[in-house]
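Heads up: the structure comes next, in structure tokens.
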Amino acid sequence: MTGATLEVRRIARRFQHIVAVDNISFVARAGHVTGLIGPNGSGKTTTMNLITGLYPTDAGSILLDDTTLTGLRPHRIAALGVARTFQNIRLLADQTVLSNVMLGTHRGHRQNLLAVLARWPGAAAEERALQARCRELLDEVGIGHLADAAAGDLSYGDRRRVEIARALASAPRLLLLDEPAAGMNHAEKARLGDLILQIRQSGITVLLIEHDIDLVSKVSDHVVVLNFGCEIAEGTPAEIRRDPAVIEAYLGREDA
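Numbering-wise (my numbering), the sequence shown opens with residue 1 and increments by one.
In structure tokens form, the structure reads like this:
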């Protein structure tokens, strides 16, 4: 699978009198993991919402390879190969894990709605193929044995993995992860880090919002740091951990 390069050029977003994102620019290179970090309220999730079209930009532009995303609706951006997870887990708790992951296969459907509803042979065959692919994805994220369990019965960490599998089911070129380690214990975070590296190895571009600086350092090729809606630093994880502005704003003086 070939990842896409995301280029964010001087984007801005204001909510009434509050400037949430102010003139941010960065590049998430194809096939790499880019970490997007900063204190609460620094504009990380707003930036992700601008990239995915949930909010319109007030200024600037966003490109996926040579395609401009600025001004497109979320479903159009998703159709171009952009998938994401959210801070708050969004699963159908009473549905099976497999059914939840199947929701992400919208880009893989070639049969029209009438063919699906009528259970025409072509549609049935396509459905079986997509189910098989979703089971493979669940195996890849480490929870294949839970495919037929109710999503609401899973542990917190496993539900996060279902969300990631669902996003991967859309065959994305760019995957945006919004605080995927939130609420996880140390062992779950370690497994998540391995999974993100596995996704990177598959060629998918990853943009990761995360507060756990150790996890960010483990998986990221490049890190962008925000504070009060502005970019204050970017570089390798090692460079970021040594940057005085980052230490002051995010890591805390004890890490100096």
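Here a beta-carbon is modelled for each residue, glycine too, at the ideal position from N, C-alpha and C.
Next on the checklist: Am I right that I24 and L177 are in contact with their C-beta atoms under 8 Å? What's the rounded C-beta distance?
Outcome noted: Your pair I24 and L177 does not check out as a contact, with CB atoms roughly 18 Å apart and the cut at 8 Å.
Checklist entry - What separation, rounded to the nearest whole angstrom, lies between the Cα atoms of G153 and N49? => result One detail in the question is off: residue 153 reads as Asp in this sequence, not Gly. Rounded to whole angstroms, D153 to N49 spans 29 Å at the Cα level.
Item to check | Of the residues L103, E7, P74 and V21, the one placed nearest D66, counting alpha carbons only | outcome: Closest option to D66, Cα to Cα, is E7.
Item to check | Inter-residue CB distance, D257 and R10 (contact presumed, cutoff 8 Å) | outcome: Residue 257 is absent from the structure shown; the chain starts at 1 and stops at 256.
Next on the checklist: One question on the structure: do E210 and E179 come within less than 8 Å of each other, judged by their Cβ atoms?
Outcome noted: Between E210 and E179, the gap from beta carbon to beta carbon is short of 8 Å.
Next on the checklist: Does E262 come out as helix, strand or coil in the three-state DSSP assignment?
Outcome noted: Outside the displayed span of the chain (1 to 256) sits residue 262, for which this structure offers no information.
Item to check | Inter-residue Cα distance where the pair is P262 and E127 | outcome: The chain is shown only over 1 to 256; residue 262 falls outside these bounds and no answer can be derived.
Item to check | Simplified DSSP assignment, three categories, for H109 | outcome: Only weak support exists for where H109 lies, its pLDDT of 49 falling under 50; the value from the coordinates is given anyway. Residue state, collapsed to three classes: coil.
Item to check | Beta-bridge partners of L208, as assigned by DSSP | outcome: According to DSSP, L208 bridges with G35 and L177.
Checklist entry - Apart from the five residues on each side of it in sequence, which residues of its chain come closer than 7 Å, Cβ to Cβ, to V101? => result Taking C-beta separations shorter than 7 Å and ignoring five residues to either side along the sequence, the partners of V101 in its chain run C134, L137, L138, V162, A165, R166 and A169, following chain order.
Checklist entry - Whose C-alpha, out of G235, H32 and A79, is nearest the C-alpha of Q198? => result The candidate whose alpha carbon is nearest that of Q198 is H32.
Next on the checklist: Alpha carbons only, please: which of P39, I51, F26 and V19 is nearest the one belonging to L175?
Outcome noted: Ranking P39, I51, F26 and V19 by Cα distance to L175 puts I51 first.
Item to check | Status (buried if at least 16 other CB within 10 Å, exposed otherwise) for R76 | outcome: Exposed: under 16 other Cβ atoms inside 10 Å.
Next on the checklist: Could you tell me the alpha carbon to alpha carbon distance between D194 and G35, rounded to whole angstroms?
Outcome noted: Rounded to whole angstroms, D194 to G35 spans 15 Å at the Cα level.
Next on the checklist: So, with DSSP's three-state summary, where would you put S170?
Outcome noted: Looking at S170 - three-state DSSP - the assignment turns out to be coil, as it is neither helix nor strand.
Next on the checklist: Assuming the contact rule is C-beta atoms closer than 8 Å, S220 and L208 should be a hit. Round their C-beta distance to whole Å, please.
Outcome noted: That belief holds up - the Cβ atoms of S220 and L208 are roughly 7 Å apart, short of 8 Å.
Item to check | Ordered list of alpha helix (DSSP H) runs contained in the region 43-77, each at least 4 residues | outcome: Here the runs fully enclosed are 44-51.
Checklist entry - DSSP puts F26 in a beta bridge; with which residues? => result According to DSSP, F26 bridges with V8.
Next on the checklist: Distance check for A129 and D158, CA to CA, integer angstroms please.
Outcome noted: C-alpha separation (whole angstroms): 24 Å.
Checklist entry - From R173 to R242, what distance separates their C-alpha atoms? => result If I take the Cα positions, the gap works out to 31 Å.
Checklist entry - For E231, which residues does DSSP report across the bridge? => result In the DSSP assignment, E231 is bridged to L226.
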